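Residue numbers (our numbering): 4 to 375. Just so it is clear, CB atoms sit at the ideal spot from N, CA and C, and this is done for glycine as well. Source: prediction; values computed, not measured.
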């Protein structure tokens, strides 16, 4: 897990990172907490005083170029010898560059002649960072930690709770990176995949049954079946993870099959045998009960070894099994209870509407006959 602190001043960032490190190191499941940046590298810092620069007709860019030329060197020409060409760089000697007092006396050309650097800049030695990291165009210091005995999602929640009361100065913010960031991105992508899977399933069912309403009813079994996933995960103790979302995507195709079997058989009896919709759906549930029970039982039993989490990496794959088992059981109940209920309500509504139309038509016919 990475807690990324972003802002402008590196010393402030490092101080905030130390506070965050102290707060999260005792969070459950968090071990080996550290900071990716060290502030132990001595460096010569030149801090210009802006109002003094303007007095001498200087600006930050000009000053930085002049100081860079003194300390690092600037190309001053070419030296040619025996067909070879060498760059000539002019700079002060390395010994003078390390002497803070001599650096402060470096002459800078201004509108008023040569002026020592100390007149419009502060020169000092400070402990600087070994590396400077930027994220989203801001300087950043990262607090890193490993996770042990719990999932990354649980560890991230524990870290969030540990720093919930942490107050940041204005202009600074905290973000999460590492596995937590990757997991969030993966969750978003799998969420889109789940939505696409449900949408494609809806279109295919509508094309097969030639009814948008039945496609909607059957697709509705997916979120209803997901209600069985929650108690299954709570009872098993597994958490929401990448494999749990994979199980949900897999569940889309498994659950709708049960509803299709019931609705399709009821429609066959209603259309071909002329049965009333209520009778057709009741017989469909009764006749297809054994088929559904066998299909669900077979799928649940096949998932049982995966639910035990045996083998290498078995514990990580457990959520797939528990999501599928809970969803299949709930989906079976939905197919035999909720879907038939909606089917009855739908055809009851259509029959009442047709009866009203017939009554209006009869009244109109009677009134026309009386007038004639």
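Can you confirm whether the stretch 302-309 touches the stretch 321-329 when touching is taken to mean that 3 or more C-beta pairs between the two stretches lie within less than 8 angstroms?
Result yes; three or more Cβ-Cβ pairs closer than 8 angstroms.
How long is the line joining the alpha carbons of residue 61 and residue 98, rounded to whole angstroms?
27 angstroms
If you follow the beta strand (DSSP E) that residue 134 is part of, which residue opens it and which one closes it?
First-last for residue 134: undefined, no H or E at that position.
Below 8 angstroms, can you find three or more Cβ-Cβ pairs linking the stretch 130-146 to the stretch 23-42?
yes
Cutoff 7 angstroms; reference residue 218; Cβ partners in own chain excluding five residues on either side:
205, 208, 209 and 212
Just curious, the alpha helix (DSSP H) that residue 306 is in, first and last residue?
280-311
Check the C-beta distance from residue 103 over to residue 47 and give it rounded, since I have them as a contact under 8 angstroms.
Correct: roughly 7 angstroms between the Cβ atoms.
Please report the straight-line C-alpha distance between residue 101 and residue 77, rounded to a whole angstrom.
Counting only the Cα atoms, residue 77 lies some 18 angstroms from residue 101.
Taking the alpha-carbon positions, what's the residue 248 to residue 322 distance?
9 angstroms
Inter-residue spacing [alpha-carbon to alpha-carbon] between residue 20 and residue 344:
58 angstroms
Sequence-distant residues of its chain with Cβ nearer than 6 angstroms to residue 231 (five each side left out):
Excluding sequence positions up to five before and after residue 231, its CB lies within less than 6 angstroms of the CB of 329, 330, 332 and 333, all in the same chain and listed in chain order.
Got a sec, what are the start and stop residues for the alpha helix (DSSP H) residue 246 sits in?
245-275
Span separating the alpha-carbon of residue 313 from that of residue 22:
41 angstroms
Expected contact under 8 angstroms - CB spacing of residue 142 and residue 11 to nearest Å:
6 angstroms
Cross-strand partners of residue 127 (DSSP beta bridge):
48
Within the stretch 57-136, note down every full alpha helix (DSSP H) run reaching 4 residues or more, in order along the chain.
63-74, 97-101 and 103-107
Could you spell out where the beta strand (DSSP E) holding residue 145 opens and where it closes?
141-150
Looking only at its chain, what residues have a beta carbon closer than 7 angstroms to the beta carbon of residue 244, apart from the 5 residues adjacent to it on each side?
154, 156 and 322
Are there 16 or more other CB atoms within 10 angstroms of the CB of residue 275, so buried, or fewer, so exposed?
Around the beta-carbon of residue 275, fewer than 16 other beta-carbon atoms lie within 10 Å, marking it exposed.
Span separating the alpha-carbon of residue 281 from that of residue 324
36 angstroms
Residues near residue 63 in its chain [Cβ-Cβ closer than 8 angstroms; skip 5 each side]:
51, 53 and 56
Proximity to residue 350 [Cα-Cα], best of 201, 284 and 111:
284
Can you grab the Cα-Cα spacing for the pair residue 229 / residue 337, in whole Å?
11 angstroms
Can you tell me which of 259, 82, 187 and 200 puts its alpha carbon nearest to the alpha carbon of residue 220?
When only C-alpha atoms are compared, the closest one is 259.
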